[in-house]
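In the working numbering, the protein residues as written are 8 to 255.
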């Protein structure tokens, strides 16, 4: 496998960053250049979700990928920590999941009589098989996105010196302790200054937090990595992980 020269890689990142910034300022040529130059990228990402080769102008999924890439250009925030292409990949995969969910929903709304057979028993079997197939398809798509979220979070945590294996060991054992940590994380996520401090310094703003939450400095320091992880989930594009936190 060919490894890209680190200098060329940095130059590419700088060029992408420049074009994205120009596009966000309203430069149509910069946006068109990104959509043209990175067509192989967004079609490859979408093809992975579709499990087939995609052609723009022929496949709906290809058009969705292009629109998702365009959406990513507008929504990207360089201060969030992820590279533009990582962010764009996440947006594309999410829109693909949305597309398949909607398509599955439409299929499920088809009158069951459409699948009836002259033999009522066979018709019933067809309907059951269809429902099972649609459910399994959606379950696989959601599983794929969940694994993708875990992968992205793990990459992000590495910038903070945190690993998943470590989180298992340091996570609070008691439910009330986990809830307090989550409340601290929510306070961080809802406060722009606290959030900015975390993203820039890769650390908890302990002094500012002490003034905002009823948790001791000692506890904040002990749960530092756990709280940082929760905060990154809350402020990032982590739909499934955020849904999980709602149950805590």
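The beta carbon of each residue, even a glycine, is placed where N, CA and C say it ideally should be.
Model, not experiment: these values are computed from the prediction.
Annotated as proximal: residue 152 and residue 104, with beta-carbon spacing under 9 Å.
For residue 172, the closest alpha carbon among the candidates 239, 65, 228, 233 is that of 233.
Between the C-alpha atoms of residue 32 and residue 195 there is a straight-line separation of about 29 Å.
DSSP places residue 209 in the coil class of the three-state scheme, outside both helix and strand. Looking from the CA of residue 188, the closest CA among 245, 231, 55, 84 belongs to 231.
Here the alpha carbon of residue 180 sits roughly 33 Å from the alpha carbon of residue 93. In terms of Cβ geometry, residue 215 and residue 201 form a close pair [threshold 9 Å]. Residues of the same chain with a CB within less than 8 Å of the CB of residue 213, apart from the 5 flanking positions on each side, are 224, 227, 228 in chain order.
Here the C-alpha atom of residue 68 lies approximately 14 Å from the C-alpha atom of residue 96. Residue 26 and residue 62 have their alpha carbons spaced roughly 25 Å apart.
Residue range 246 to 253 is occupied by the alpha helix (DSSP H) that includes residue 253.
Less than 9 Å separates the beta-carbon of residue 80 from that of residue 42.
In the structure shown, the three-state DSSP call for residue 65 is coil.
Secondary structure note for residue 190: its alpha helix (DSSP H) is the uninterrupted segment 182 to 197. Taking the CA atoms as reference points, residue 72 sits about 21 Å from residue 20.
Taking C-beta separations shorter than 7 Å and ignoring five residues to either side along the sequence, the partners of residue 60 in its chain run 54, following chain order. Taking the C-beta atoms as reference points, residue 236 is found no nearer than 9 Å to residue 157.
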